[in-house]
Amino acid sequence: MVRELPRIETVRPEAGSVIRVRWRGRRASDTVNLAGWIATGGDVLKPLRDPAVFARARVENYGAAIAWDDDDLAIDAHHLKTLAEEQKPFDKADAAAWQSALGLSNSEAATLLGIGVSTWNAYKAGTSPVPAPLAMLCRAMQRDPVLLQAHYRPRVAGRPRREVA
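See the structure below:
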């Protein structure tokens, strides 16, 4: 599957480690919290903890990245878009789309996620919010089929056969 590389139109630093990104060719913008990225970047990204440095974010490389300082600190548009997608809420439409994309029944989806069928149905109906760890798991399984293959156990249709003693 070939995905078009995202391009950044504008960037606006906000409070803390948050930036608002508008993508080229799209009207909507994303709010992305970079605190985790900065915290796990070690000494290389440590300067971004300074609000004065962080506030100088700018679009570079024709929208392919956001840079700070003298271009020594940067994050590419692909990783920024991935962070934005991961931080979005996972709602009932996302749950239904995930299940459909993987071709799972309600029972299979619930078993795979370690929850009851009624709980899964409540998430899909929107009567209960999908917990963040479950949303992360769903997104990870869709992104990396090996996770699905390792833990998915297909259900056999119908009643189990009666064992003869």
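The opening position of the sequence shown corresponds to residue 22 in this note's numbering, with each subsequent residue numbered one higher. For each residue, glycine too, the CB sits at the ideal point set by N, CA and C. It should be emphasised that the depicted structure is a prediction, and the values quoted were computed from it without experimental measurement.
Would A178 be called buried (16 or more neighbouring beta carbons within 10 Å of its own) or exposed? For the purposes of this step, residue 178 is identified with residue 157 of the sequence shown, where counting begins at 1. Under this definition A178 is an exposed residue.
Take D97 as the anchor and find which of P181, Q170, G46, V32 has the nearest alpha-carbon. For this step, residue 97 is matched to residue 76 along the sequence shown. Of the listed residues, the one whose Cα sits closest to D97 is V32.
Could you check what DSSP says for R1 in three-state terms: helix, strand or coil? No answer is possible for residue 1: it lies beyond the span of the chain, which begins at 22 and ends at 186.
Just the Cα atoms here: how many angstroms apart are R4 and A88? Outside the shown range of the chain (22 to 186) lies residue 4, about which nothing can therefore be said.
Buried or exposed by the 16-neighbour rule on C-beta atoms within 10 Å, applied to P152: The residue given as residue 152 occupies position 131 in the sequence shown. By the neighbour-count definition (other C-beta atoms within 10 Å, threshold 16), P152 is an exposed residue.
Apart from the five residues on each side of it in sequence, which residues of its chain come closer than 6 Å, Cβ to Cβ, to A56? Taking the sequence shown and counting its residues from 1, the one referred to as residue 56 is at position 35. For A56, where only same-chain residues beyond five positions count, the Cβ hits under 6 Å are S38.
Ignore the nearest five residues each way along the sequence and tell me which others in L104's own chain have a CB closer than 6 Å to its CB. The residue you call residue 104 lines up with position 83 of the sequence shown. Answer for L104: V53, listed in chain order.
Three-state secondary structure (DSSP) at D92? Stepping through the sequence shown from its first residue, residue 92 is reached at position 71. D92: coil per DSSP, three-state reduction.
When burial is assigned at 16 or more other CB atoms within 10 Å of the CB, is L144 buried or exposed? Translated into the one-based positions of the sequence shown, residue 144 becomes position 123. In the sequence as displayed, the identity of residue 144 is Tyr instead of Leu. So Y144 ends up on the buried side.
Given this structure, state the Cα-to-Cα distance separating N142 from A130, to the nearest angstrom. In the sequence shown, residue 142 corresponds to position 121, counting from 1. In the sequence shown, residue 130 corresponds to position 109, counting from 1. Answer to the nearest angstrom: the Cα atoms are 10 Å apart.
Closest by CA to S149, which one among A114, R160, R176? Working through the sequence shown from its first residue, we reach residue 149 at position 128. Checked all of A114, R160, R176; the closest Cα to S149 is A114.
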